[in-house]
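J.:
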Amino acid sequence: NLDDISNNFDNFDNFDNNGNLTTYDEDISKTIPMKNIEDIDIEIHASNVNINSVDSSDFTITCRGSSSFVDKTTIDVIGNTLNIKEHGVNSSINLGFFNKSTSREITINVPKDFNKDLELHGGAGNISINGININKLKVEGGAGNLTLKDIVFQELKLEQGVGNTTIDLSSKCGDIDIDGGVGNLSITFAEVGGDLTYDGGVGKTVISIPNNSPVKLDTSTGIGSIDINAKTSGEDIYTFDLNVGVGNLIVN
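Counting in our numbering, the sequence shown runs without a single skipped number right up to 252 at its last residue.
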């Protein structure tokens, strides 16, 4: 809220004696065996994030670049959880206008046989998740674009944040629950395999499904419009519960 922003602004002291922002450099790489890992918990404040599926039995995490907002990244295992966390100045809130982290990037390579849970809290950077096959995926978007491509999951929970979101599903997946934020949203299904609950935010939403998908479309609208072009089978095996906020919803 505004009080939190004001308090963090007043306490923001990451400047040198000449009034310039202090920047921090990081170049680290770490390998973690997949054995006994049940969960991945990622907390990002400033970096661009790339998560990929790889043919390996180990996780590899690299953090490289400069930032005025984040001074270090910790990577550790607590119990059965792999934790990846950025730390920095007033990291409880994203002061985007102070964030000089455009060159900072975190890459997380996930073993292709890892099929447990992943939770990601995004910050002021873009997020790209490609090719992973897991059980539960939870993503809290920050201030940046989000791309989910060729992933497989049993359950997806997404809080959109501020920025455009693209979800391209080339395989059958499970249930999806999306809380809309500010930005456009595009979801493309190769095959519908679960329910979709969408509570719209601000922006244009386009949902594309194959012809004759066994989907029941339940829609409601706030300040916006709905355009249904999709041809469904009438079997109603899955339900798309779509609530439009401020913007347009198109189902093709």
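Note that beta-carbon positions come from the ideal geometry of N, C-alpha and C, so glycine has one too.
Quick caveat, the model's predicted, so the values are computed rather than measured.
1) DSSP state of C63, grouped into three classes?
2) Less than 6 Å between C-beta atoms, sequence neighbours within five positions excluded: which residues of the same chain meet that for S53?
3) Is the Cβ-Cβ distance between T266 and I37 less than 8 Å?
4) Using the C-alpha atoms, what's the distance from A46 back to T258?
5) Going by Cα to Cα distance, which pick from Y238, I75, G180 is closest to K216?
6) Going by the DSSP bridge assignment, what does E235 pair with across the sheet?
7) Rounded to the nearest angstrom, what separates E26 and S66 at their Cα positions?
8) Check for me: the beta strand (DSSP E) holding D71 runs from which residue to which?
9) Do D117 and I134 have their beta-carbon atoms positioned less than 8 Å apart in this structure?
10) When the Cα atoms are used, what is the spatial distance from R64 to G163?
11) Closest by CA to I51, which one among L146, N252, V77, H87?
12) Quick check on F97: does DSSP put it in helix, strand or coil?
13) From which residue to which residue does the beta strand (DSSP E) around V54 run?
14) According to DSSP, F240 sits in a beta bridge with which residue or residues?
15) CB I228 to CB Y198, shorter than 8 Å?
16) In angstroms with no decimal places, state the Cα-to-Cα distance between T264 and A124.
17) For the beta strand (DSSP E) that V139 lies in, which residues bound it at each end?
18) So the candidates are D218, G224, A230, K85; which of them puts its Cα closest to the Cα of L207?
19) Below 8 Å on the Cβ atoms is my guess for A190 versus S220; work out the distance and round it to an integer in Å.
20) Report the rounded CA-to-CA distance for F59 versus V192, giving the unit in angstroms.
21) Thinking K136 and Q154 are a contact (beta carbons under 8 Å), I'd like their distance in whole angstroms, please.
22) Less than 6 Å between C-beta atoms, sequence neighbours within five positions excluded: which residues of the same chain meet that for G234?
23) Residues in the same chain with beta-carbon distance under 6 Å from T205, minus the five sequence neighbours each way, listed in chain order, please.
24) Could you have a look at E159 and say whether DSSP puts it in helix, strand or coil?
25) Under DSSP, the beta strand (DSSP E) around S208 begins and ends at which residues?
26) Let me know if I176 comes out buried or exposed under the rule of 16 or more other beta-carbons within 10 Å of its beta-carbon.
T.: In this structure, then:
1) It is a strand residue.
2) Once the five neighbours on either side are set aside, the close Cβ partners of S53 are V110, K112, G131, I132.
3) The displayed coordinates of the chain run from 1 to 252. Any statement about residue 266 would go beyond what the structure contains.
4) Residue 258 cannot be examined here, being either before or after the span of the chain that is shown, 1 to 252.
5) Nearest of Y238, I75, G180 to K216, Cα basis: Y238.
6) DSSP output for E235 lists no bridge partner at all.
7) E26 and S66 have their alpha carbons spaced roughly 6 Å apart.
8) Segment 70-78, the beta strand (DSSP E) holding D71.
9) It is a contact, given that the beta carbons lie within the stated cut-off.
10) R64 and G163 have their C-alpha atoms spaced approximately 23 Å apart.
11) The alpha carbon of I51 has as its nearest neighbour, out of L146, N252, V77, H87, the alpha carbon of L146.
12) Any answer about F97 is weak, because its pLDDT of 46 lies below 50 and its placement is not dependable; what the coordinates show is given next. Looking at F97 - three-state DSSP - the assignment turns out to be helix.
13) Per DSSP, V54 belongs to the beta strand (DSSP E) from 48-54.
14) For F240, which the question treats as bridged, DSSP gives the partners L196, L217.
15) No, they are not a contact pair.
16) Residue numbering for the chain in the displayed model covers 1 to 252; residue 264 lies beyond these limits and cannot be assessed.
17) If you look at V139, you'll find it in the beta strand (DSSP E) that goes 136-140.
18) First, the amino acid is wrong: residue 207 is Ile here, not Leu. For the residues D218, G224, A230, K85, the minimum Cα distance to I207 belongs to A230.
19) In this structure, A190 and S220 do not form a Cβ contact; the two beta carbons are roughly 27 Å apart against a cut-off of 8 Å.
20) One C-alpha to the other measures close to 30 Å.
21) Contact holds; Cβ gap of about 7 Å.
22) Nothing listed; no residue qualifies.
23) Closer than 6 Å at the Cβ level, and outside the excluded window around T205, lie L185, L249.
24) Of the three classes helix, strand and coil, the one that applies to E159 here is strand, per DSSP.
25) Start and end: 205-208.
26) I176 should be labelled buried.
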